[in-house]
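Student:
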Amino acid sequence: MWDRPLAEAAVDADAWLIVTDIENPFFPELVRAIEDAARAAGYAVLLCNADDDPDREAGYLDLLVERRVDGVVIAASSLGAHHREWLASPPLPVVLVNTVAEGVALPAIVSDNLAGGRLAVEHLFELGHRRIGHLTAPRNPDSGDRLAGAREAFSTARRSARDLVVARGEPGVAGGEGAMRELLAGTPDLTAVFAYNDLMAIGAMRAIKASGRRVPQDVSVIGFDDVALAAFVDPPLTTMAQSTAELGRWAFDRLSRSLSTWRGPGGPGTASPEDLVRLPVRLEIRQSTARASASSWTSTDDRSRR
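Quick note, our numbering runs 958 ahead of the 1-based positions in the sequence shown.
(1) For the region 1179-1193 against the region 1000-1015, do three or more pairs of beta-carbon atoms, one drawn from each stretch, fall closer than 8 Å, so that the two count as touching?
(2) Please state if the CB of glycine 1029 and the CB of serine 1216 are separated by a distance shorter than 8 Å.
(3) For a minimum of 3 consecutive residues, which ranges assigned as the beta strand (DSSP E) are wholly contained in the region 1018-1081?
(4) State the start and end residues of the unbroken beta strand (DSSP E) segment that holds aspartate 1097.
(5) Roughly how far, in whole angstroms, is the beta-carbon of histidine 1081 from the beta-carbon of leucine 1234, given that I think they are within contact range, below 8 Å?
(6) Please name the residue or residues paired with isoleucine 976 in a DSSP beta bridge.
(7) Where alanine 1209 and arginine 1171 are concerned, what is the direct C-alpha to C-alpha distance, given to the nearest angstrom?
(8) How is phenylalanine 1112 classed by DSSP in three states: helix, strand or coil?
(9) In the DSSP assignment, find the unbroken beta strand (DSSP E) run with leucine 1085 in it and report its ends.
(10) From leucine 1077 to glycine 1091, what distance separates their C-alpha atoms?
(11) Where threonine 978 and arginine 1109 are concerned, what is the direct C-alpha to C-alpha distance, given to the nearest angstrom?
(12) I'd like the list of long-range same chain contacts for alanine 1150, defined as Cβ closer than 6 Å, with 5 residues on each side in sequence excluded.
(13) Are alanine 1125 and leucine 1148 close, meaning C-beta to C-beta below 8 Å?
(14) Quick check on the DSSP output: what are the complete beta strand (DSSP E) runs of length 3 or more inside the region 1161-1213, in order along the chain?
(15) In this structure, does DSSP put valine 1131 in helix, strand or coil?
(16) Quick check: the region 1157-1164 against the region 1198-1214, are there 3 or more CB pairs under 8 Å?
(17) Can you give me the C-alpha to C-alpha distance between valine 1123 and glutamine 1175, rounded to a whole angstrom?
(18) Can you find the residues in the same chain that come closer than 7 Å, C-beta to C-beta, to serine 1169, ignoring five residues on each side of it along the sequence?
(19) At what residues does the alpha helix (DSSP H) containing leucine 1234 begin and finish?
(20) Are the beta-carbon atoms belonging to proline 1193 and arginine 1244 less than 8 Å from one another?
(21) Using a 10 Å radius around the Cβ and a threshold of 16 neighbouring Cβ atoms, would you call phenylalanine 1112 buried or exposed?
(22) Going by Cα to Cα distance, which pick from Thr1219, Ala1033 and Phe1152 is closest to proline 1012?
(23) Which first and last residues belong to the beta strand (DSSP E) in which glutamate 1242 is found?
(24) From what residue to what residue does the beta strand (DSSP E) around leucine 1122 run?
(25) Confirm, please, whether the CB-CB distance from asparagine 1071 to aspartate 1020 is below 8 Å.
(26) Is glycine 1107 closer than 8 Å to methionine 1158 when the C-beta atoms are compared?
(27) DSSP state of proline 1226, grouped into three classes?
(28) Measuring only the C-alpha atoms, how far is leucine 975 from valine 1003?
(29) Pull up the distance between the alpha-carbon of serine 1218 and that of tyrosine 1154, whole angstroms please.
(30) Could you tell me which of Arg1249, Val1023, Phe984 and Thr1202 sits nearest to valine 1239, measuring between CA atoms?
(31) For the beta strand (DSSP E) that contains alanine 991, what are its first and last residues?
(32) Just to confirm before moving on: does the CB-CB distance between alanine 1199 and leucine 1085 stay below 8 Å?
If you want it as structure tokens, here you go:
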């Protein structure tokens, strides 16, 4: 949530920050970045945790109408029909973070998930990997772009699309572990996996180790987000790093401008269709990825000749 300037903060809360799941370490880092920017401008932040429940997120939107709220930042897992109807003519300034509302002109900032997926797979190609798994989280809108980027890397390199094997799971450690077990059972010759986020990647490493394989000697693992935990798992996780601080700063600055100019739906303070920022991501190489072994190349070649 958002408050009025601190001098008025004891009176009433004016703006909200809605996040998908505060237990996902990506979101506390985002919240901190937004709060730092807000406090520097004299605002306080109030938080709504949707607990990875789109219906709960929608309930918060309804509550906004009942409360004296000036603006909202939404970092949502998905925008369903209720969200889109509400966002088509919002009663207050709205900024979206890491999600977009199709057909609705709202200010939004997202990471370049398509490029991130492509760069992750290209890194694995450079290490000699051919048979690659991908763990996706289909309820999350950015998961489609990350998968599309992975497929684009295969197409550009003229690799067989059959060598990208996809498994689906919830976007957490347990979801990644279960999806990785599915991949290993169905595709025992894969030598690398790219996960939708770092939590799924950590779950994948658990499943790989439980199967008797080693990371990265037998299976390389790459995640997405670069949450603080990624550098401290064993082995430290290679990942696509998002600019979380910049996501938060931009979101607050854009909301602040909207708050100062808002005159109702469609008036000043709303967005143009071009008011969408895509932040680049970068590859953070650690110890969870390594060159594919010669034995894995041989087994892949043998499989392709059969």
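Just so you know, even glycine gets a beta-carbon here, dropped at the ideal spot from N, CA and C.
Tutor: To lay it out plainly:
(1) Counting Cβ pairs under 8 Å, fewer than three are found: no touch.
(2) Counting from 1 along the sequence shown, the entry for residue 1216 is found at position 258. Counting from 1 along the sequence shown, the entry for residue 1029 is found at position 71. At the C-beta level, serine 1216 and glycine 1029 come within 8 Å of one another.
(3) Whole beta strand (DSSP E) segments, 3+ residues: 1029-1033, 1052-1055 and 1066-1069.
(4) In the sequence shown, residue 1097 corresponds to position 139, counting from 1. According to the sequence provided, residue 1097 is arginine. The question's aspartate does not apply to it. In the DSSP assignment, arginine 1097 falls outside any beta strand (DSSP E), carrying neither H nor E.
(5) For the purposes of this step, residue 1081 is taken as residue 123 along the sequence shown, with counting starting at 1. For the purposes of this step, residue 1234 is taken as residue 276 along the sequence shown, with counting starting at 1. That belief does not hold up - the Cβ atoms of histidine 1081 and leucine 1234 are roughly 27 Å apart, past 8 Å.
(6) Here residue 976 refers to the residue found at position 18 when the sequence shown is read from its first residue. Partner(s): Cys1006 and Ile1032.
(7) In the sequence shown, counting from the first residue as 1, residue 1209 sits at position 251. In the sequence shown, counting from the first residue as 1, residue 1171 sits at position 213. Straight-line Cα distance between these residues: approximately 42 Å.
(8) Counting from one through the sequence shown, the residue named residue 1112 turns up at place 154. Helix, per DSSP.
(9) Position 127 of the sequence shown, counted from the first residue, corresponds to residue 1085. Element bounds for leucine 1085: n/a, residue is neither H nor E.
(10) Numbered from its first residue, the sequence shown carries residue 1077 at position 119. Numbered from its first residue, the sequence shown carries residue 1091 at position 133. Answer to the nearest angstrom: the Cα atoms are 15 Å apart.
(11) Walking along the sequence shown from the start, residue 978 turns up at place 20. Walking along the sequence shown from the start, residue 1109 turns up at place 151. Taking the straight line from one Cα to the other gives about 27 Å.
(12) Here the question's residue 1150 lines up with position 192 in the sequence shown. Cβ within range, chain order: Leu1082, His1087, Ile1090 and Ser1178.
(13) As a working note, residue 1125 is residue 167 in the sequence shown. As a working note, residue 1148 is residue 190 in the sequence shown. It is not a contact, given that the beta carbons lie outside the stated cut-off.
(14) 1178-1183 and 1196-1199
(15) Position 173 of the sequence shown, counted from the first residue, corresponds to residue 1131. DSSP places valine 1131 in helix when its eight states are reduced to three.
(16) Short answer: they don't touch.
(17) Within the sequence shown, residue 1123 is the residue found at index 165, counting from 1. Within the sequence shown, residue 1175 is the residue found at index 217, counting from 1. Each residue's alpha carbon lies about 20 Å from the other.
(18) Position 211 of the sequence shown, counting from 1, holds the residue named residue 1169. Excluding positions up to five away in sequence, the list reads Leu1142.
(19) Working through the sequence shown from its first residue, we reach residue 1234 at position 276. Annotation: leucine 1234 is outside any alpha helix (DSSP H); the continuous beta strand (DSSP E) that includes it extends over 1234-1237.
(20) Sequence index remark: in the sequence shown, residue 1193 carries index 235 (1-based). Sequence index remark: in the sequence shown, residue 1244 carries index 286 (1-based). In this structure, arginine 1244 lies closer than 8 Å to proline 1193 by Cβ.
(21) Position 154 of the sequence shown, counting from 1, holds the residue named residue 1112. When all chains shown are included, phenylalanine 1112 counts as buried.
(22) On the sequence shown, position 54 is the one that residue 1012 refers to. For proline 1012, the nearest C-alpha among the options comes from Ala1033.
(23) Here residue 1242 is taken as the residue at index 284 of the sequence shown, counted from 1. For glutamate 1242, the enclosing beta strand (DSSP E) begins and ends at 1240-1242.
(24) Numbered from 1 along the sequence shown, position 164 holds the residue referred to as residue 1122. Per DSSP, leucine 1122 belongs to the beta strand (DSSP E) from 1122-1126.
(25) By 1-based counting over the sequence shown, the position of residue 1020 is 62. By 1-based counting over the sequence shown, the position of residue 1071 is 113. No, the pair does not count as a contact, with Cβ atoms beyond the cut-off.
(26) Along the sequence shown, read from residue 1 onward, the residue named residue 1158 stands at position 200. Along the sequence shown, read from residue 1 onward, the residue named residue 1107 stands at position 149. Not in contact: methionine 1158 and glycine 1107 (Cβ atoms no closer than 8 Å).
(27) Walking along the sequence shown from the start, residue 1226 turns up at place 268. Residue placement at proline 1226 is poorly supported in this model, since its pLDDT is 46, which falls under 50; the coordinates are not used for a value here.
(28) To locate residue 975, count along the sequence shown from 1; it is residue 17. To locate residue 1003, count along the sequence shown from 1; it is residue 45. Each residue's alpha carbon lies about 7 Å from the other.
(29) By 1-based counting over the sequence shown, the position of residue 1218 is 260. By 1-based counting over the sequence shown, the position of residue 1154 is 196. Here the alpha carbon of serine 1218 sits roughly 37 Å from the alpha carbon of tyrosine 1154.
(30) Start at 1 with the first residue of the sequence shown, and residue 1239 comes out as number 281. Of the listed residues, the one whose Cα sits closest to valine 1239 is Thr1202.
(31) As a working note, residue 991 is residue 33 in the sequence shown. No beta strand (DSSP E) holds alanine 991; the alpha helix (DSSP H) holding it covers 984-998.
(32) On the sequence shown, residue 1199 is found 241 positions in, with the first residue counted as 1. On the sequence shown, residue 1085 is found 127 positions in, with the first residue counted as 1. In this structure, leucine 1085 does not lie closer than 8 Å to alanine 1199 by Cβ.
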